[in-house]
Amino acid sequence: MIAKRFNSTAALKKTALYNLHVSMGGTMVPFAGYSMPVKYAGMTHIESHKWTRQHAGLFDVSHMLQSTLRGADAVSFLHKITPTDFQNLPVGTSSLSVLLNERGGIVDDTMVTKTGASEFYIVTNAACAAKDTQFLQDQISGFDCQWQPIENRSLLALQGPDACKVFGSLIKGGPEALKDLYFGERRPFELTDGVQVQAARSGYTGEDGFEISVVDSSAELLGKLLLDNSLARPIGLAARDSLRLEAGMCLYGNELNDGTTPIDTSLGWLVSKTRRDGSLGKFNGFEPIMKQIQDKSNSVVRVGFKYTGKGPAARTGTPLLSEDGSTAVGHVTSGSASPSLGGVNIGQASVLKVARKAGTKLLVSVRNKVFPVEVARLPLVPSHYYKK
Amino acid sequence: MFRCSTQVARFAPTRFAARNVLFLRAQSSNAVNRAQLPFTFSSSGPSAIKYTSQHEWIAAHPDGTAFVGITKYAADALGDATYVELPEAESELEAGDSLGSVESVKSASEIYQPVGGVVLEGNEALNDSPQLINEDPLGEGWIAKVKLNNVADLETDELMSLEQYEKSLQEDH
Numbered sequence: 001m002i003a004k005r006f007n008s009t010a011a012l013k014k015t016a017l018y019n020l021h022v023s024m025g026g027t028m029v030p031f032a033g034y035s036m037p038v039k040y041a042g043m044t045h046i047e048s049h050k051w052t053r054q055h056a057g058l059f060d061v062s063h064m065l066q067s068t069l070r071g072a073d074a075v076s077f078l079h080k081i082t083p084t085d086f087q088n089l090p091v092g093t094s095s096l097s098v099l100l101n102e103r104g105g106i107v108d109d110t111m112v113t114k115t116g117a118s119e120f121y122i123v124t125n126a127a128c129a130a131k132d133t134q135f136l137q138d139q140i141s142g143f144d145c146q147w148q149p150i151e152n153r154s155l156l157a158l159q160g161p162d163a164c165k166v167f168g169s170l171i172k173g174g175p176e177a178l179k180d181l182y183f184g185e186r187r188p189f190e191l192t193d194g195v196q197v198q199a200a201r202s203g204y205t206g207e208d209g210f211e212i213s214v215v216d217s218s219a220e221l222l223g224k225l226l227l228d229n230s231l232a233r234p235i236g237l238a239a240r241d242s243l244r245l246e247a248g249m250c251l252y253g254n255e256l257n258d259g260t261t262p263i264d265t266s267l268g269w270l271v272s273k274t275r276r277d278g279s280l281g282k283f284n285g286f287e288p289i290m291k292q293i294q295d296k297s298n299s300v301v302r303v304g305f306k307y308t309g310k311g312p313a314a315r316t317g318t319p320l321l322s323e324d325g326s327t328a329v330g331h332v333t334s335g336s337a338s339p340s341l342g343g344v345n346i347g348q349a350s351v352l353k354v355a356r357k358a359g360t361k362l363l364v365s366v367r368n369k370v371f372p373v374e375v376a377r378l379p380l381v382p383s384h385y386y387k388k
Numbered sequence: 001m002f003r004c005s006t007q008v009a010r011f012a013p014t015r016f017a018a019r020n021v022l023f024l025r026a027q028s029s030n031a032v033n034r035a036q037l038p039f040t041f042s043s044s045g046p047s048a049i050k051y052t053s054q055h056e057w058i059a060a061h062p063d064g065t066a067f068v069g070i071t072k073y074a075a076d077a078l079g080d081a082t083y084v085e086l087p088e089a090e091s092e093l094e095a096g097d098s099l100g101s102v103e104s105v106k107s108a109s110e111i112y113q114p115v116g117g118v119v120l121e122g123n124e125a126l127n128d129s130p131q132l133i134n135e136d137p138l139g140e141g142w143i144a145k146v147k148l149n150n151v152a153d154l155e156t157d158e159l160m161s162l163e164q165y166e167k168s169l170q171e172d173h
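Sequence lines, in order, name chains Y and W.
Numbering of the first sequence is given in UniProt numbering, commencing with residue 1 and proceeding in unit increments.
Numbering of the second sequence is given in UniProt numbering, commencing with residue 1 and proceeding in unit increments.
Below you can see the structure in the form of structure tokens.
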């Protein structure tokens with residue numbers, strides 16, 4: 001039974017919302033060293049998923065590592081460890097990026113917000129916290145800047161078409177105050193009772209929404225206030241994963257790892273055009289990554305796929321074959337039934353470039369039976385960001 | 001049942017709250033539904049109903065025909081079923097052989113044949129309505145109809161009565 005293998009709950013950390021999760025019937029599971037809710041009583045995984053697509057879902061993402069980078073060399077340091085242009089990024093805006101090792105492999109994916117000319121707010125994956133900390137401390141030597149994890153702040157993600165209404169009703173100025181906060185922007189807001197928060201218009205579901213950073217001491221209050229609105233419901237890790245899969249987003253450890261470059265994983269757009277001649281500083285793995293871009297020498301790419309019929313879902317590691325079954329063309333990196341697409345099985349995969357085109361017919365081999373799939377454009381479910 | 005065959009172990013529940021188990025027990029929801037085929041197949045009802053430690057149930061009738069499925073406890077733990085892999089008719093299965101699998105969005109779990117027999121049919125209704133696994137796992141959501149090699153095989157100590165099964169759930173957690 002599954003329970004037996006995961007019963008060492010003693011050492012798990014708790015977020016500031018732990019008691020709230022338990023009081024709402026959260027099924028708590030160990031995740032990246034934390035006890036986190038996988039789902040809540042009264043809503044199934046599929047219901048949670050659909051609620052987020054139709055209304056607003058509240059996710060506790062406080063387990064993710066929030067940190068700051070400050071100092072004269074902050075931009076040059078970011079330009080060593082990431083391929084993204086942070087010099088020309090406007091203050092108050094964020095960019096997805098990746099931390100790169102010397103070979104151009106991805107150490108982690110990250111959201112970086114420019115909070116001042118030489119000041120950044122960084123969010124990295126919980127599961128990579130120890131590795132990232134070591135990496136950043138090793139890389140930063142010689143740079144005039146300081147990287148520091150933020151203690152005592154929670155992170156709440158509110159996602160879905162009603163997220164703006166729900167969060168807007170709690171802040172001074174109301175929903176109107178969010179009208180000029182576009183996707184990828186972040187700034188401070190004050191709740192009507194005076195609590196200060198930082199809200200970024202972003203998320204991991206493909207929906208409009210916010211990631212709200214708040215001091216731990218006010219986190220439970222904020223969570224309760226958001227959930228007082230009947231449009232918002234608490235959503236666990238299970239739906240978080242199926243939502244991000246549909247939205248075509250990467251999960252570190254599945255789509256991305258230390259051996260994959262941004263080009264191997266179809267994240268070439270994270271390599272800013274302005275970073276490609278090296279004049280803003282050469283990032284780690286500059287040569288191999290630029291070679292892949294210039295001569296298109298990467299052998300694999302990341303694609304989406306959909307089943308054309310029914311069958312068991314193709315999970316991580318499942319082999320993908322050519323349509324006639326004769327040739328191995330790649331493997332599934334994430335896969336499951338898609339709640340938004342009526343349960344059709346979907347996934348993301350790493351495939352040889354011959355199989356990259358949308359519409360390419362392939363087979364997945366699940367427990368020695370093959371099922372037909374079709375390569376499909378990412379995202380597999382359309383995104384609804386609030387953009388200019 | 002319930003060897004997770006995927007990477008989703010990261011989402012595997014650590015423990016089920018004791019109060020949930022007590023609730024299940026009070027409801028006796030792991031009992032076979034008396035209104036559905038697994039029970040009504042013969043006029044006198046099943047001659048034996050047994051449970052495995054891996055959360056399968058088997059209801060055997062006097063003529064040696066038996067129905068196999070997963071318990072309510074297992075269905076609740078698995079979550080919304082999205083696909084059920086059914087066994088092919090005429091498959092000869094030994095106790096412990098894979099009979100099929102139940103998939104949820106997050107995981108896939110194998111189902112094992114509790115005692116030896118030949119598959120007569122899989123429950124085709126699950127092809128279009130996998131959610132029957134959640135709605136009525138011990139009734140409409142039966143997975144396979146099998147002809148047992150020997151009804152006496154059900155008398156092994158490996159298999160539990162409903163009372164023993166409910167007790168094992170309590171002890172487990």
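For glycine and all other residues, C-beta sits at the position ideal for the given N, C-alpha and C.
Owing to the predicted nature of the structure, the values given are computational and were not obtained by experimental measurement.
Query raised in the report: Below 8 Å, can you find three or more Cβ-Cβ pairs linking the segment 11–30 of chain Y to the segment 216–227 of chain Y?
Result: yes
Query - Per DSSP, cross-strand counterpart(s) of G209 of chain Y - result: Y:Q159
Report task. Report all residues from its chain with a CB closer than 7 Å to the CB of I150 of chain Y; omit the five preceding and five following residues, and keep chain order. Result -> Q66, S67, T68
**Report entry** Within chain W, the residues that H45 of chain Y reaches when beta carbons sit closer than 9 Å
**Finding:** G79, D80, S104, V105, K106
Query raised in the report: Shorter than 8 Å from the beta carbon of Y51 of chain W to some beta carbon of chain Y?
Result: no
Requested in this report: Starting from the Cα of L231 of chain Y, find the closest Cα among Y:D264, Y:S326, Y:R53 and give me that residue.
Outcome: Y:R53
Query raised in the report: Within 8 Å (strictly less), CB to CB, does S141 of chain Y reach chain W?
Result: no
**Report entry** Beta-carbon proximity check, L178 of chain Y vs V197 of chain Y, cutoff 8 Å
**Finding:** no
Requested in this report: Using a threshold of 8 Å, state whether the C-beta atoms of E110 of chain W and S98 of chain W are closer than that.
Outcome: yes
Query - Among Y:L378, Y:F286, Y:M36, nearest to L12 of chain Y - alpha-carbon criterion - result: Y:M36
Query raised in the report: Is DSSP giving Q36 of chain W helix, strand or coil here?
Result: coil
Query raised in the report: Can the beta-carbon of N345 of chain Y be found less than 8 Å from the beta-carbon of A376 of chain Y?
Result: no
Query raised in the report: Which word fits Y204 of chain Y, buried or exposed, when buried means at least 16 other C-beta atoms lie within 10 angstroms of its C-beta?
Result: buried
**Report entry** Check whether P30 of chain Y and F283 of chain Y have beta carbons under 8 Å apart
**Finding:** no
Report task. Check the Cβ-Cβ distances between S242 of chain Y and every residue of chain W, and say whether any is below 8 Å. Result -> yes
Query raised in the report: For A12 of chain W, does the count of other Cβ atoms within 10 angstroms reach 16, so buried, or fall short, so exposed?
Result: Any reading at A12 of chain W must be qualified, since the residue scores a pLDDT of 38, below 50, and its modelled position is unreliable; no value is offered.
Query raised in the report: I think L154 of chain W touches W57 of chain W, with their Cβ atoms under 8 Å apart; what is that distance to the nearest whole Å?
Result: Actually they do not touch by this definition, with Cβ atoms about 12 Å apart.
Query - Own chain residues within Cβ distance below 6 Å of G79 of chain W, not counting five before or after - result: S104
**Report entry** Length of the line joining the Cα atoms of E158 of chain W and P114 of chain W
**Finding:** 9 Å
Report task. Could I get the ranges of all uninterrupted beta strand (DSSP E) runs contained in the segment 355–385 of chain Y, with 3 residues as the minimum, in chain order? Result -> 361–366, 369–376
Query - Residue environment, P188 of chain Y, which counts as buried when at least 16 other CB atoms sit within 10 Å - result: exposed
Report task. Kindly say whether Y83 of chain W, judged by its beta-carbon, lies nearer than 8 Å to any beta-carbon of chain Y. Result -> yes
Requested in this report: For G311 of chain Y, go through chain W and note every residue whose CB falls closer than 9 Å to its CB, in chain order.
Outcome: Y83, E85
Query raised in the report: Smallest Cα separation from D373 of chain Y: which of Y:P379, Y:V381, Y:P382, Y:L363?
Result: It should be pointed out that residue 373 of chain Y corresponds to Val in this sequence rather than to Asp. It is Y:L363.
**Report entry** Contacts around Q292 of chain Y, its chain only, beta-carbon distance under 7 Å, and the 5 residues preceding and following it disregarded
**Finding:** T261, I263, N298
Report task. Output the distance between the C-alpha atoms of D128 of chain W and Y83 of chain W, rounded to the nearest integer angstrom. Result -> 9 Å
Query raised in the report: Between which two residues does the alpha helix (DSSP H) carrying D241 of chain Y extend?
Result: 237–246
Report task. Excluding the 5 residues preceding and the 5 following N88 of chain Y in the sequence, name in chain order all residues of the same chain whose CB lies nearer than 7 Å to its CB. Result -> T274
Query raised in the report: Beta-carbon of S91 of chain W versus every beta-carbon of chain Y: anything under 8 Å?
Result: no
**Report entry** 8 Å CB neighbourhood of D138 of chain Y in its chain, flanking five on each side removed
**Finding:** none
Query raised in the report: Name the chain A residues that come within less than 9 Å of S101 of chain W, Cβ to Cβ?
Result: Included in the structure are the protein chains Y and W, with no chain A among them.
Requested in this report: Using a Cβ cut-off of 8 Å (strictly closer), state whether R356 of chain Y contacts chain W.
Outcome: no
Requested in this report: Assign S107 of chain W to buried or exposed, taking buried as 16 or more other Cβ atoms, counted over all protein chains shown, within 10 Å of its Cβ.
Outcome: buried
Query raised in the report: Are the Cβ atoms of T65 of chain W and K167 of chain W separated by less than 8 Å?
Result: no
Query raised in the report: When you compare only the Cα positions, how much space is there between S5 of chain W and S101 of chain W?
Result: For S5 of chain W, the predicted model reports a pLDDT of 42, less than 50, meaning its position is unreliable; a value from the coordinates is still stated below. Rounded to the nearest angstrom, the two C-alpha atoms are 10 Å apart.
Report task. Using a Cβ cut-off of 8 Å (strictly closer), state whether S336 of chain Y contacts chain W. Result -> yes
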